[in-house]
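Structure, as structure tokens:
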Amino acid sequence: QTLLTLGRRLIQQQLDQTHGYYYRGLALEMLGRYPEAEEDILKARTIFFENNPPADADGRMIPNWEPPEILDRALQRIRAAQEG
Numbered sequence: 002q003t004l005l006t007l008g009r010r011l012i013q014q015q016l017d018q019t020h021g022y023y024y025r026g027l028a029l030e031m032l033g034r035y036p037e038a039e040e041d042i043l044k045a046r047t048i049f050f051e052n053n054p055p056a057d058a059d060g061r062m063i064p065n066w067e068p069p070e071i072l073d074r075a076l077q078r079i080r081a082a083q084e085g
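Counting the sequence shown from 1 gives a position; our numbering is that position plus 1.
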């Protein structure tokens, strides 16, 4: 419940940051509310890619760019739990 509250508070304060959505999604996953958790993690991924595109303005790939692995792992866990 504390993590859920923290996530909600962060979302209210910083709509364009991933942390709130990640924490709320993690809390919802722990509560077994998988569709809502998946929605929040997907929102966090969207914000991540908007704020950190893999290519620069000229379309060149940014060296050493890393995808949001922690968000991808969370999505894998949620989808595995939904499948049973």
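We treat Cβ as the ideally placed atom computed from N, Cα and C, and that holds for glycine.
Assignment of beta-bridge partners to alanine 56 by DSSP yields Met62. Exposed is the label assigned to isoleucine 71, since fewer than 16 other Cβ atoms lie within 10 Å of its Cβ. Assignment of arginine 46 by DSSP, reduced to helix, strand and coil, places it in the helix class. In this structure the stretch 52-67 does not touch the stretch 26-38; the number of beta carbon pairs closer than 8 Å is below three. Glycine 21 sits away from leucine 29, with the two beta carbons spaced by 8 Å or more.
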